[in-house]
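K.L.:
Below: one structure in structure tokens.
Residue numbers (this note's numbering): 344 to 668.
What follows is the structure in structure tokens.
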């Protein structure tokens, strides 16, 4: 009798497994997340998607490239669920009246170096010289000024030149002699080193400014906390895998950020130096972003509380569940 029933038992088990798999697939939450561009700070997002970490957390995540200024209305209208970013643009949107909050940090420092012609090796030697930046009044400008002040230098002693476009444009200006120094980020810093330019100041290491993260509507946090925690957990898991698995991470950078192995390895090390271990938003980081917004002449009369622009509760829960102190 037992032998005759065995096939039925096996068949029943197979049907049960099939049903479970089908149910699991049906329960996978379809969400949309946007990013302004595939850069170093987007590595956790790219890894979570490419390494199927979103899938492992029950999420069917669609990644959409979208300009920062288009994100707040898209979030409000429900076209997207999350913004893979925390920075001056997202904070400015919140201060402008959009009901968005920063809920997770990818990095808590930006990766920028002041690099100069070989003859200039100190801040003192660069006084009165031209220093290129991506944009006056922007986050890099704010961070540069704060770093100078921490070093006891006066930002007014330097002639700042705004050069629009990609980082490579600043390096070209440096090579051409149009400027004497430039504030650069990876992988352009590696190219500058190869051309003989000197590292003068590690700007990013001196300023606790978030360089990436997660932003969403207050409504999403309140009404869909479980989904939101799964998104945070997936990104945090991806960040941990990046930190622990250098070869796999370098391969990812080569493939998705279109770099050679050497540049990818340098970018990887720079990312590790800026990473936010727990991902929990900090008051210091958010205050600096507010300062970056106000340095552009926006919302100068406002003094937002941390809870007005950020919500650290879900990230703190995920961090605790994952063993972070």
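Positions of the beta carbon are idealized from the N, C-alpha and C atoms, including for glycine. Bear in mind that the values here come from a model prediction, so they are computed numbers and not experimental data.
Does the beta-carbon distance from residue 486 to residue 455 come in below 9 Å?
P.N.:
For the purposes of this step, residue 486 is identified with residue 143 of the chain shown, where counting begins at 1. For the purposes of this step, residue 455 is identified with residue 112 of the chain shown, where counting begins at 1. The answer is yes: Cβ separation under 9 Å.
K.L.:
Assign residue 543 to one of three DSSP states: helix, strand, or coil.
P.N.:
Here residue 543 refers to the residue found at position 200 of the chain shown. Residue 543: strand per DSSP, three-state reduction.
K.L.:
With DSSP run on the structure shown, which of helix, strand or coil describes residue 556?
P.N.:
Against the chain shown, residue 556 aligns to sequence position 213. Residue 556: strand per DSSP, three-state reduction.
K.L.:
Could you pull the start and end residues of the beta strand (DSSP E) that residue 588 belongs to?
P.N.:
Here the question's residue 588 lines up with position 245 in the chain shown. Segment: none, residue 588 is in no beta strand (DSSP E) and carries neither H nor E.
K.L.:
Distance check for residue 375 and residue 422, CA to CA, integer angstroms please.
P.N.:
Taking the chain shown and counting its residues from 1, the one referred to as residue 422 is at position 79. Taking the chain shown and counting its residues from 1, the one referred to as residue 375 is at position 32. Each residue's alpha carbon lies about 8 Å from the other.
K.L.:
Hey, how far is the Cα of residue 401 from the Cα of residue 567?
P.N.:
What you label residue 401 is simply residue 58 of the chain shown in a count that begins at 1. What you label residue 567 is simply residue 224 of the chain shown in a count that begins at 1. Approximately 14 Å, taken between the alpha carbons.
K.L.:
Contact check, residue 558 vs residue 564 under 8 Å by CB: the rounded distance?
P.N.:
Counting from one through the chain shown, the residue named residue 558 turns up at place 215. Counting from one through the chain shown, the residue named residue 564 turns up at place 221. Their Cβ separation, rounded to whole angstroms, is 11 Å, which puts residue 558 and residue 564 out of contact at 8 Å.
K.L.:
Grab the span of the beta strand (DSSP E) containing residue 642 for me, first residue to last.
P.N.:
Here residue 642 refers to the residue found at position 299 of the chain shown. Element bounds for residue 642: n/a, residue is neither H nor E.
K.L.:
Give me the Cα-Cα distance between residue 386 and residue 634, rounded to the nearest whole angstrom.
P.N.:
What you label residue 386 is simply residue 43 of the chain shown in a count that begins at 1. What you label residue 634 is simply residue 291 of the chain shown in a count that begins at 1. When the Cα atoms are used, residue 386 and residue 634 turn out to be separated by approximately 26 Å.
K.L.:
Taking only runs of the beta strand (DSSP E) that begin and end inside the region 470–496, which ones reach a length of at least 3 residues, in chain order?
P.N.:
Taken in chain order, the whole beta strand (DSSP E) runs of length 3 or more contained in the region 470–496 are 473–476.
K.L.:
Would the beta-carbon of residue 509 be found less than 8 Å away from any heavy atom of the ligand NAP?
P.N.:
The ligand NAP is not part of the structure shown, which contains no ligands of any sort.
K.L.:
I'd like to check one pair, residue 508 with residue 431: are the Cβ atoms closer than 9 Å?
P.N.:
The residue you call residue 431 lines up with position 88 of the chain shown. The residue you call residue 508 lines up with position 165 of the chain shown. No, the Cβ-Cβ distance between residue 431 and residue 508 is not below 9 Å.
K.L.:
Alpha carbon to alpha carbon, how far is residue 515 from residue 498? Give it in angstroms, no decimals.
P.N.:
For this step, residue 498 is matched to residue 155 along the chain shown. For this step, residue 515 is matched to residue 172 along the chain shown. Approximately 24 Å between the Cα atoms of the pair.
K.L.:
I think residue 540 touches residue 383, with their Cβ atoms under 8 Å apart; what is that distance to the nearest whole Å?
P.N.:
Position 197 of the chain shown, counted from the first residue, corresponds to residue 540. Position 40 of the chain shown, counted from the first residue, corresponds to residue 383. With a Cβ gap of about 20 Å, residue 540 and residue 383 do not count as contacting.
K.L.:
Rounded to whole angstroms, what is the Cα-Cα separation between residue 471 and residue 428?
P.N.:
On the chain shown, residue 471 is found 128 positions in, with the first residue counted as 1. On the chain shown, residue 428 is found 85 positions in, with the first residue counted as 1. Taking the straight line joining both Cα atoms gives about 35 Å.
K.L.:
Is it right to say residue 547 is buried, meaning 16 or more other beta carbons lie within 10 angstroms of its own, or is it exposed?
P.N.:
On the chain shown, residue 547 is found 204 positions in, with the first residue counted as 1. The residue in question, residue 547, is buried, as its Cβ has 16 or more Cβ neighbours within 10 Å.
K.L.:
Based on Cα-Cα distance, which residue from 610, 654, 544 lies nearest to residue 443?
P.N.:
Taking the chain shown and counting its residues from 1, the one referred to as residue 443 is at position 100. Looking at the Cα atoms, 654 is the closest of the given residues.
K.L.:
With distance defined between alpha-carbon atoms, name the residue in 473, 658, 596 nearest to residue 389.
P.N.:
Indexing the chain shown from 1 puts residue 389 at position 46. For residue 389, the nearest C-alpha among the options comes from 596.
K.L.:
Once the 5 residues before and after residue 549 are set aside, which same chain residues still bring their CB inside 6 Å of it?
P.N.:
Counting from 1 along the chain shown, the entry for residue 549 is found at position 206. Answer for residue 549: 490, 493, listed in chain order.
K.L.:
In chain order, what residues of the same chain lie with their CB nearer than 6 Å to the CB of residue 624, ignoring the 5 residues before and after it?
P.N.:
To locate residue 624, count along the chain shown from 1; it is residue 281. Excluding residues up to 5 positions away in sequence, 445, 448, 653, 655 lie with their Cβ nearer than 6 Å to the Cβ of residue 624 in the same chain.
K.L.:
Helix, strand or coil for residue 448 per DSSP?
P.N.:
What you label residue 448 is simply residue 105 of the chain shown in a count that begins at 1. Of the three classes helix, strand and coil, the one that applies to residue 448 here is strand, per DSSP.
K.L.:
At which residues does the beta strand (DSSP E) containing residue 505 begin and terminate?
P.N.:
Locating residue 505 in the chain shown gives position 162, where the first residue counts as 1. In this chain, the beta strand (DSSP E) harbouring residue 505 covers 502–505.
K.L.:
When the Cα atoms are used, what is the spatial distance from residue 668 to residue 649?
P.N.:
Taking the first residue of the chain shown as position 1, residue 668 is located at position 325. Taking the first residue of the chain shown as position 1, residue 649 is located at position 306. Going by the C-alpha atoms only, they are around 21 Å apart.
K.L.:
Residue 579: which of 381, 399, 371 sits nearest, CA to CA?
P.N.:
Your numbering for residue 579 matches position 236 in the chain shown. Looking at the Cα atoms, 399 is the closest of the given residues.
K.L.:
Out of 404, 397, 380, 393, state which residue places its alpha-carbon closest to the alpha-carbon of residue 373.
P.N.:
Counted from its first residue, the chain shown places residue 373 at position 30. When only C-alpha atoms are compared, the closest one is 404.
K.L.:
Whose C-beta lies closer than 7 Å to the C-beta of residue 606 among residues of the same chain, with five residues either side of it excluded?
P.N.:
Taking the first residue of the chain shown as 1, we reach residue 606 at position 263. Excluding positions up to five away in sequence, the list reads 530, 533.
K.L.:
Taking the alpha helix (DSSP H) that residue 376 belongs to, which residues open and close that run?
P.N.:
As a first step, residue 376 must be located in the chain shown, where it is residue number 33. No alpha helix (DSSP H) holds residue 376; the beta strand (DSSP E) holding it covers 372–378.
K.L.:
Counting C-beta neighbours from all protein chains within 10 Å, is the total for residue 632 16 or more, i.e. buried, or is it exposed?
P.N.:
Indexing the chain shown from 1 puts residue 632 at position 289. Flag for residue 632 reads buried.
K.L.:
Taking all protein chains shown into account, do 16 or more other C-beta atoms lie within 10 angstroms of the C-beta of residue 460, making it buried, or fewer, making it exposed?
P.N.:
As a first step, residue 460 is located in the chain shown; it is residue number 117 there, counting from the start. By the neighbour-count criterion, in which a residue is buried when 16 or more other Cβ atoms sit within 10 angstroms of its Cβ, residue 460 is buried.
K.L.:
Please work out which residues of its chain come closer than 8 Å, Cβ to Cβ, to residue 407, disregarding the five sequence neighbours upstream and downstream, and give them in chain order.
P.N.:
Along the chain shown, one-based indexing puts residue 407 at 64. Within the same chain, residue 407 has close Cβ partners 375, 376, 377, 378, 423.
K.L.:
Just the Cα atoms here: how many angstroms apart are residue 505 and residue 450?
P.N.:
As a working mapping, residue 505 is identified with position 162 in the chain shown. As a working mapping, residue 450 is identified with position 107 in the chain shown. Between residue 505 and residue 450, the C-alpha separation is close to 25 Å.
K.L.:
Would you identify the three-state DSSP class for residue 602, choosing helix, strand or coil?
P.N.:
Taking the chain shown and counting its residues from 1, one reaches residue 602 at position 259. In the structure shown, residue 602 sits in coil (DSSP, three-state: anything other than H, G, I, E or B).
K.L.:
Between 628, 573, 627, 527, which lies nearest to residue 657 when the distance is taken from Cα to Cα?
P.N.:
Numbered from its first residue, the chain shown carries residue 657 at position 314. Checking every option, the nearest Cα to that of residue 657 belongs to 573.
K.L.:
Would you mind working out which of 638, 440, 519 sits nearest residue 538, comparing C-alpha positions?
P.N.:
By one-based count along the chain shown, residue 538 stands at place 195. Residue 519 is the option with its Cα nearest to residue 538.
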